[in-house]
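Residue numbers for the sequence shown follow our numbering, so the first one is 157 and each next one is one higher.
Just so it is clear, CB atoms sit at the ideal spot from N, CA and C, and this is done for glycine as well.
All of these numbers come straight from a predicted model, not from anything done at the bench.
Everything on this sheet refers to the single structure shown next.
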Amino acid sequence: MLRDYHYGIAVDAGSLGSRLQVYRWTDPKASKASGKTSILRSVPEITQEEGWNLKISPGISSFTETPQNLWEDHFKKLAAHAESIIPPDKWSETPIYVLSTAGMRLLPVTQQEAIKAETCRVLQTHTLFYLPDCADFVQTIDGETEGVYGWIGLNYLSETFNNVDPRKEQRSIGFMDMGGASTQIAFVPSKKEISRHQEDLRKVTLRSVNGDVQEWNVFVSTWLGFGANEARKRYLDLLIESAGKRSLSDIGISQSFSEGLDRESVPSAHIKSATTLDFTLSSGAIDSAVSAPSNGVTNEIKREVDEISSEVLYDPCLLQGATITYNSHTFLGTGNYDQCLETMYPLLQKHLPCTDDPCLFNGVHTPHMDFTKDKFVGILEYWYTVHDLFDLGGDYSFQKFNAATKLFCHSDWKEVAGKEFHGRKLSEKTLQDACFKASWIVNILHDGFSLPRLDFETHKEDDSDDESHVPFSSANEINGEELSWTLGKMVLFASSQVAGGVGILPSKIERARGVQFIPGGLADKGNSLRLIFAGLVFCALVYFAVRFAKMPMRLPYKIYKCFPRKALQYLPVAMQSRMGFEEDVDISLEEGLFYEEPVRNAPGLRTRSIMNLNQLGEQDTEPRGFYASPQATKSALFSGDNTSSASLQRSKSSMGFYR
């Protein structure tokens, strides 16, 4: 029935545009009344019907000079679309989140704040959606938070959070995200790695419909400047910097200038028609591609280079004969896949040291990933490049993707330009960048994250139960549903409607830097009032018990704080002398967040990528102040069941923050 539904709105305010998503879920109380075990032991079920999203351009980060136009030129259309979906009697209880990502992070803080303030103002003024607090509902989120939201969304669609028995270990799926500016990874390590890297892990807390707590220790890291577009810029900058320092043979065009290669000795795409290219590979084509010459350039390209060799730079990651202009420099493609991989390898910054092992790239370490057991799913560029160009989305095969990329990179630009790929018409810019992006994916996956080249390196364990195990897949949707990190945010919110304590607890290292707990949402009003009333009754009972006590008593300090201070002075002196109060102990129960003093002299965050790149300024790599508010405090909406004196007396040293 309609009255049993709740709705939520999340706006992904990206650099190129904003994408509105409307979600719906059944009221947790109604789901609980069903009595079905499979429902009770799962997070609330979220649904989204066709057409419940809308994307508009440009992004809100483009309104730096005209924030006053945000409503008329941007949010008015998004709000109208949401209102056409959500019943009017639900508007006032429907939360709306506007979460900005990389585009906003690149702006100065003053411009960010101005845009966010105006966004909040116009939504509060012109809509009836639930937006009580600008700071919590209109945010610029960092790359790590975006990665955790993506991990939650992926595992929700993969049914990881369904029918969960809290007494048993649950397996999850790792999340990889490559955008234009950055790349992220988020996954739950093995038990052994969790114990080794506890200080690096965020804790994600969800609630099943029956109130059970689901806790997940998630490692997440982001690499700014390692997204496909920013990596391409860094690569071209590297070619410019090294111009004049390398001979022609360094870029793989030596013999072709004096001898020329027969065009047919260089593998190319199979020509299906005058307008369509097919990079679907036969086994013979794979063998041909793998053994193809590494320095092939056609005679035609040779003549072009002879004419303008003093004015151009040579790019092995650009198709043969293609030319582009970047920063007043002209680049001529030589189409050499092997040389492309070799030339871009330094961009991984593998030489930078890590503070712990295993060390991946750019000075960042992660817990060990066991690709013989772990599964990862990659989105965005992992999907678009692999699927749109080669039609190889889904389960990843290094052998197939490597061979298809080599075939494409060795192609002549004149054969590729204007052609369709598997029925898809791709822009000229997409085709110009495709060889680099495909090669960059190979570099990141295998040399960056150390994903084995399965066809050549990995051997199945004899006791493996899953003979079809594939450690990496690319995807745009899971089980027919679109995969978006905004879904992860809404899973947290819906879960928070069951009971309190839902959210993302930063790692110990992050908390030392002042990063705060990210609440999943707000507990429903009925639950909140009941909790407040129960708390007042409890404090009153304890107060009267103390007031008329005839025996020595010893109370935890947090209960003592419930009493009116003046009331204590009326206690008989003898009773006061018999009363003792526990010192305030910083504790962390299973449900909820308690204040913990910042760790003094704590090491710097080891899981953030520290850019060592000239073209990225300080504003690109430093935190934007999004988490620069005071140290985290206990949520007013916290509801915990564990109030035993034994647990309250446990010391912080024996309990830790993750108990």
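Start and end residues, beta strand (DSSP E) containing residue i
i, result
"residue 169", "161-169"
"residue 485", "485-489"
"residue 242", "From DSSP, residue 242 is part of no beta strand (DSSP E); its letter is neither H nor E."
"residue 253", "252-256"
"residue 495", "Here residue 495 belongs to no beta strand (DSSP E); instead the alpha helix (DSSP H) covers 493-500."
"residue 378", "369-380"
"residue 629", "628-630"
"residue 471", "468-471"
"residue 362", "358-363"
"residue 211", "209-212"
"residue 220", "From DSSP, residue 220 is part of no beta strand (DSSP E); its letter is neither H nor E."
"residue 481", "479-482"
Alpha-carbon to alpha-carbon, residue j and residue i
i, j, result
"residue 541", "residue 263", "28 Å"
"residue 380", "residue 592", "18 Å"
"residue 784", "residue 669", "Summary for residue 784: the model assigns pLDDT 39, below 50, so the residue's position carries little reliability; its value from the coordinates is reported in the next sentence. Each residue's Cα considered, the two are about 9 Å apart."
"residue 722", "residue 697", "Low confidence applies to residue 722: its pLDDT is 41, below 50, so where it sits in the model is not reliable, and the reading given next is rough at best. Rounded to the nearest angstrom, the two C-alpha atoms are 17 Å apart."
"residue 667", "residue 362", "20 Å"
"residue 513", "residue 598", "22 Å"
"residue 515", "residue 193", "43 Å"
"residue 387", "residue 573", "23 Å"
"residue 337", "residue 188", "43 Å"
"residue 347", "residue 588", "44 Å"
"residue 562", "residue 608", "19 Å"
"residue 160", "residue 243", "12 Å"
"residue 258", "residue 251", "23 Å"
"residue 481", "residue 488", "9 Å"
"residue 526", "residue 191", "38 Å"
"residue 207", "residue 165", "14 Å"
"residue 227", "residue 266", "20 Å"
"residue 601", "residue 282", "46 Å"
"residue 485", "residue 202", "51 Å"
"residue 557", "residue 322", "40 Å"
"residue 433", "residue 549", "Any reading at residue 433 must be qualified, since the residue scores a pLDDT of 48, below 50, and its modelled position is unreliable; the value itself is stated next. Roughly 17 Å between the two C-alpha positions."
"residue 389", "residue 220", "24 Å"
"residue 200", "residue 179", "12 Å"
"residue 533", "residue 344", "13 Å"
"residue 604", "residue 531", "17 Å"
"residue 304", "residue 360", "8 Å"
"residue 644", "residue 275", "22 Å"
"residue 535", "residue 642", "14 Å"
"residue 633", "residue 539", "10 Å"
Residue span of the alpha helix (DSSP H) that contains residue i, given as start and end
i, result
"residue 278", "265-282"
"residue 540", "537-540"
"residue 187", "184-189"
"residue 589", "584-598"
"residue 392", "384-398"
"residue 196", "193-196"
"residue 558", "554-565"
"residue 569", "569-572"
Proximity winner among the options, relative to residue i (alpha-carbon distances)
i, options, result
"residue 185", "162, 480, 555", "162"
"residue 294", "637, 280, 503, 284", "280"
"residue 580", "547, 589, 639", "547"
"residue 212", "182, 243, 167", "167"
"residue 502", "374, 188, 282, 395", "395"
"residue 473", "283, 596, 348", "596"
"residue 319", "550, 571, 243, 197", "197"
"residue 368", "311, 656, 226, 313", "656"
"residue 204", "470, 343, 176, 260", "176"
"residue 385", "564, 321, 537", "537"
"residue 366", "660, 652, 675", "652"
"residue 269", "647, 216, 671", "216"
"residue 209", "316, 239, 307", "239"
"residue 235", "223, 582, 286, 505", "286"
"residue 355", "340, 373, 339, 342", "373"
"residue 640", "324, 468, 335", "335"
Within-8 Å CB hit, residue i to chain C
i, result
"residue 587", "Checking the listed chains, one finds no chain C in this structure; it contains a single protein chain."
Distance cut-off 7 Å: residue i Cβ against heavy atoms of the ligand SAM
i, result
"residue 579", "Of ligands this structure carries none, so the ligand SAM is not represented either."
Sequence ranges, alpha helix (DSSP H) only - wholly within the stretch 640-684, length at least 4: If we require 4 residues or more, the alpha helix (DSSP H) runs fully inside the stretch 640-684 come out as 641-652, 664-668.
Can you confirm whether the stretch 160-174 touches the stretch 622-631 when touching is taken to mean that 3 or more C-beta pairs between the two stretches lie within less than 8 Å? With a cut-off of 8 Å, the stretch 160-174 and the stretch 622-631 do not count as touching, because too few Cβ pairs lie within range.
Entirely within the stretch 274-352 and at least 3 residues each: give me those beta strand (DSSP E) ranges in chain order. As far as the stretch 274-352 is concerned, its whole beta strand (DSSP E) runs of at least 3 residues are 294-296, 330-334, 338-343.
So does the stretch 550-566 actually touch the stretch 340-359, counting three or more Cβ pairs closer than 8 Å? Verdict: no, contact absent.
Contact the stretch 630-650 vs the stretch 301-308: 3+ CB pairs below 8 Å: Because the criterion of three Cβ pairs below 8 Å is met, the stretch 630-650 and the stretch 301-308 touch.
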